[in-house]
Amino acid sequence: MAEAPKIPRIVRERLLSGQSGARAAREHLDADLLAAYAENSLPSRERNLVLNHLSVCEDCRDAAMLSLPESATAAARHARGGSLLPGWMGLRWAALATGVVLTIGVVLLNRNFEQAKVSQAPASSEQPQVAVAPSSVQEHRFQSVQSEAKTPGFGGGVIADQRTRLKGARQNRTDNSYKADIGRSTKPRTAPAAGFDNFAAYANRASRNQTSPAASPAASATMASGGMAADKHEAPATAVGSLGKLMQVAPAPGITAQSSAEIANAQAETQVAGKRSEADADGLREQEPSKKKTAAENATVVAGSLPSPPQARAQQAPASPAVRAQSQGYFQTKDQVEANQEKLAIASSEPALQWRIRAGKLQQSTDTGKTWQEVSVAPGVKLHAFWTQGSSVWAGGTAGSLFHITDSGKQAVRIPIKVGEAEVAETVVAVTFADELNGTIMLENNLVLQTTDGGKTWERR
Amino acid sequence: MPVAIATKSGKVPAILARELFEKSGSQSYGLTLEDFRSILEQVGSKYLAAGADEAEVRELCCSLRVEELALARGCAAGSDHAWEVFLTRYRAALYDAARGIVREEGRAKELADSLYADLYGMKANGAERTSKLNSYMGRGSLAGWLRAVLAQEYVNRYRAGRRLVSLEEQTEAGVQFAAKDKPSSSVADPRLEAATDAALASLAAEEKFILAAYYLDGRTLAEIARSLRVHESTICRKLEKLAKNLRKAIVSGLMRAGLNRQAAEEALAADVRDLQVKVRERLASGAESGLRGENPPQGAEITQKPAAQAFQAREGQE
Chain A
1 MAEAPKIPRI VRERLLSGQS GARAAREHLD ADLLAAYAEN SLPSRERNLV LNHLSVCEDC
61 RDAAMLSLPE SATAAARHAR GGSLLPGWMG LRWAALATGV VLTIGVVLLN RNFEQAKVSQ
121 APASSEQPQV AVAPSSVQEH RFQSVQSEAK TPGFGGGVIA DQRTRLKGAR QNRTDNSYKA
181 DIGRSTKPRT APAAGFDNFA AYANRASRNQ TSPAASPAAS ATMASGGMAA DKHEAPATAV
241 GSLGKLMQVA PAPGITAQSS AEIANAQAET QVAGKRSEAD ADGLREQEPS KKKTAAENAT
301 VVAGSLPSPP QARAQQAPAS PAVRAQSQGY FQTKDQVEAN QEKLAIASSE PALQWRIRAG
361 KLQQSTDTGK TWQEVSVAPG VKLHAFWTQG SSVWAGGTAG SLFHITDSGK QAVRIPIKVG
421 EAEVAETVVA VTFADELNGT IMLENNLVLQ TTDGGKTWER R
Chain B
462 MPVAIATKSG KVPAILAREL FEKSGSQSYG LTLEDFRSIL EQVGSKYLAA GADEAEVREL
522 CCSLRVEELA LARGCAAGSD HAWEVFLTRY RAALYDAARG IVREEGRAKE LADSLYADLY
582 GMKANGAERT SKLNSYMGRG SLAGWLRAVL AQEYVNRYRA GRRLVSLEEQ TEAGVQFAAK
642 DKPSSSVADP RLEAATDAAL ASLAAEEKFI LAAYYLDGRT LAEIARSLRV HESTICRKLE
702 KLAKNLRKAI VSGLMRAGLN RQAAEEALAA DVRDLQVKVR ERLASGAESG LRGENPPQGA
762 EITQKPAAQA FQAREGQE
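Next comes the structure, spelled out in structure tokens:
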């Protein structure tokens, strides 16, 4: 500690003369006030009076110093950074640690905020960003594909085009924006719309994007921009926005033959869509036949439902003249796209079920997030994370609670989380389910448990 | 004689007295509600200003350590149960506090035992027993009060002991050959004294305490910080600021007294009592630099060295 500055001797002398005056008066503080002063329990007025007296009474100063409790010593030592490190070193490390924690916090909060903002943004506002490719781009892509179709190297050209687009997508998207796009799902059940409550689940999900069934606009955007490698060979590359408008019709033929490494890469990129589309194919099956037909005929992907290779292929491709036409090299023009919009609006008029957690309660929306209805899961349980897979929803929360919610939220069954014989009592902070049987949860104590039998038994991972 | 912050008080409301009475557990020490109420009024009369309103009375009473107050007064009244509780809770703490103050086992025990006698209130001549616990008012904890009483007792003994110096010791110390006290080498300018007094008077209580503790008592920054419950560096910063502001205020005071700035600064800087120290500082620094084989440049400001500082500190103490 630096040496304190010197004062003029006259100051010291005048201070001393004040001391002698007080000594002559022979008045001292009583032990009660000294004790209260030492314990810092005096009101400010009295504390000032005591300090005034202490400043002129040497005896009382000595007594006050001697009567300081041991805790004050400990507190002072603690304030100096403890005995383990010198004060300045402790402060330096504390400042560094604080800086690191703040930086991480800001990054996480920023990411979360961005996701929440995106997922809460009205669908109409996200539409141009997510799915509506600029017409010039569409036309350019059209032309390029058409020109490639006429050439022997058509497939390779498409792949090249696709690769370029994927690269562009990679370059143009930062990690955050990519995740934000995932959060911009037309089915916000997978989007972190629930804000911080759902963040843990989302972070967990984002870290394993292969399991992310987020029917994400990232996927749809990728598809819309021609990057739908997984399904392009048969599934129509038509994506619609959350309002069901036709966004783009992209050609597919020829890619079937191009099951090359590039496509594999692209598949990895858009595996999100593939996973998700399995569930959505189920959704398509549940649609009314006429609507399904319309959807199939127009070879579209309804909002929030991305086509999956097996099911969509089985249901849509064989019956779809449009697909056949596409496979023959037929492309819809912009006018045709617009003409199809009406049909698509009907096709997508089936309300998509959306989920979120607010204030520890699970909520669902059937009108693309305009209104939300609370789903009664279990009174007194505060939910923290949820996961959707097909028509099932899993939600976890306080006191080791995990629920399997089916039938559009009408049925909720509690899944006991038992490790061995003991039932878990910690809060569930993250939930993922790959299917009805295989799932993983994370508890507040960072314990990760997984089940392979739908929650009957759990094992540490 | 204790400092009386207030002399009169208002009456303690009956509801408040009952509430605190029940909270304090006075009944178990044989105190009645009336006894307890009179204790509260005694506390109020000591610490509240004359004409204090009910809110002030309530605030004071609610801030009291009523449980410990009841225990102390129960002991003072001679309740066996109270003494049992007191000894159980505070006997070890009292000896620990004494050891913390004296730092010598035998003297610490002696100090603590002497306090026990006072607490019990023994009177040699058979007069009415007056326990020191009767003076506990519950402003701080009972343990803190015991520590403060021990500290006061120790300071009193130390001061008394310092005044009693044997003639033999004085002779051995050569007091008979001691030179007479030197008269002050110069009388300070009364304007300087007045300006200094005014500057000191304008300081806050805490600032005056810091100045006195650091410059007069030689307390360390850590000790002062502990007393004020702030960090050591805070005290260091405050001292720097204080020294700077004091100098500035004194110069301003001198200028108001008719001196121009240069003269005022010279008057403060050229305080004759400092000259001696500065000469010694220079000598000490010169000796040090001479040991290192350095020749300080003529007329250059010599940096203060630790040895000089130590010397100056000794001088200051003398």
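One line per chain: the protein sequences are A and B, in this order.
If you count the first sequence from 1, position 198 lands on 198 in the numbering used here, and the numbers rise without skipping.
If you count the second sequence from 1, position 258 lands on 719 in the numbering used here, and the numbers rise without skipping.
Backbone N, C-alpha and C fix where the C-beta goes; we use that ideal spot for every residue, glycine too.
Find the nearest neighbour of residue i within the set the options, judged by alpha-carbon distance.
i                      : options                    : result
residue 661 of chain B : A:52, A:68, A:67           : A:52
residue 435 of chain A : A:444, A:454, A:412, A:362 : A:454
residue 358 of chain A : A:386, A:352, A:45, A:368  : A:386
residue 519 of chain B : B:581, B:476, B:701, B:555 : B:476
residue 599 of chain B : A:381, A:419, A:407, A:41  : A:41
residue 39 of chain A  : B:606, B:612, B:501        : B:606
residue 50 of chain A  : A:65, A:440, A:58, A:33    : A:33
residue 710 of chain B : B:654, B:697, B:543, B:613 : B:654
residue 388 of chain A : A:440, A:69, A:367         : A:440
residue 352 of chain A : A:428, A:108, A:408, A:404 : A:408
residue 541 of chain B : B:517, B:525, B:489, B:679 : B:489
residue 578 of chain B : B:684, B:532, B:591        : B:591
residue 45 of chain A  : B:690, B:713, B:671, B:666 : B:666
Under a three-way DSSP split, which group does residue i fall into?
i                      : result
residue 383 of chain A : strand
residue 13 of chain A  : helix
residue 390 of chain A : coil
residue 106 of chain A : helix
residue 270 of chain A : At residue 270 of chain A, the pLDDT of 42 sits below 50, so the modelled position is not reliable; the number obtained from the coordinates is stated separately. In this structure, residue 270 of chain A counts as coil in the three-state DSSP scheme.
residue 527 of chain B : helix
residue 462 of chain A : Limits of chain A in this structure are 1 at one end and 461 at the other, which puts residue 462 of chain A out of reach.
residue 650 of chain B : coil
residue 493 of chain B : coil
residue 40 of chain A  : coil
residue 344 of chain A : Per-residue confidence for residue 344 of chain A stands at a pLDDT of 43, beneath the threshold of 50, marking its modelled position as unreliable; no derived number is given.
residue 540 of chain B : coil
residue 520 of chain B : helix
residue 101 of chain A : helix
residue 56 of chain A  : helix
residue 505 of chain A : Residue 505 of chain A is absent from the structure shown; chain A starts at 1 and stops at 461.
residue 18 of chain A  : helix
residue 158 of chain A : Any answer about residue 158 of chain A is weak, because its pLDDT of 40 lies below 50 and its placement is not dependable; what the coordinates show is given next. Helix.
residue 134 of chain A : Here the model assigns residue 134 of chain A a pLDDT of 40, short of 50, so the residue's position is not dependable, and the following value carries that caveat. Looking at residue 134 of chain A - three-state DSSP - the assignment turns out to be coil, as it is neither helix nor strand.
residue 501 of chain B : helix
residue 706 of chain B : helix
residue 473 of chain B : coil
residue 658 of chain B : helix
residue 190 of chain A : With a pLDDT of 40 at residue 190 of chain A, under the threshold of 50, the predicted position of this residue should be treated as unreliable, though the coordinate-derived value follows. Reduced to three states, the DSSP call for residue 190 of chain A is coil.
residue 748 of chain B : Confidence in residue 748 of chain B is poor, its pLDDT being 48 and thus under 50, which makes the residue's placement too unreliable to answer from.
residue 512 of chain B : coil
residue 486 of chain B : coil
residue 719 of chain B : coil
residue 297 of chain A : With a pLDDT of 42 at residue 297 of chain A, under the threshold of 50, the modelled position of this residue cannot be trusted; read the value that follows with caution. DSSP places residue 297 of chain A in helix when its eight states are reduced to three.
Name the DSSP beta bridge partners of residue i, please?
i                      : result
residue 403 of chain A : A:395, A:414
residue 65 of chain A  : The partner list for residue 65 of chain A (beta bridge, DSSP) is empty, contrary to what the question assumes.
residue 459 of chain A : A:450
residue 423 of chain A : A:418
residue 441 of chain A : A:431, A:449
residue 361 of chain A : A:358
residue 373 of chain A : A:364
Under 7 Å from any heavy atom of the ligand ZN, does the C-beta of residue i make it?
i                      : result
residue 592 of chain B : Of ligands this structure carries none, so the ligand ZN is not represented either.
- Write down every uninterrupted run of the alpha helix (DSSP H) in the region 662 to 694 of chain B whose length is 4 residues or greater and which is fully enclosed by it, in chain order. 666 to 672, 682 to 689
According to a CB-to-CB cut-off of less than 7 Å, which residues of the region 513 to 538 of chain B neighbour chain A? none
Within 7 Å of chain A by C-beta, residues of the region 479 to 505 of chain B in sequence order: Taking 7 Å as the upper bound on Cβ-Cβ separation, chain A lies near no residue of the region 479 to 505 of chain B.
Give, in chain order, every residue of the region 28 to 40 of chain A whose Cβ lies closer than 9 Å to some Cβ of chain B. 28, 29, 30, 31, 32, 33, 34, 35, 36, 37, 38, 39, 40
- alpha helix (DSSP H) segments (min. 4 residues) lying fully within the region 558 to 619 of chain B: 566 to 581
_Along the region 544 to 562 of chain B, where does the CB come closer than 9 Å to a CB of chain A? Name the residues._
557, 558, 561, 562
Compile a chain-ordered list of the residues in the region 433 to 452 of chain A whose CB is closer than 7 Å to at least one CB of chain B.
-> Nothing from the region 433 to 452 of chain A brings a Cβ to less than 7 Å from some Cβ of chain B.
Quiz item: Between the region 673 to 686 of chain B and chain A, which residues of the former have a C-beta closer than 8 Å to a C-beta of the latter?
Solution: Among the residues of the region 673 to 686 of chain B, those with a Cβ less than 8 Å away from any Cβ of chain A are 673, 674, 675, 676, 677, 678, 680, 682, 683, 684, 686, in the order of the chain.
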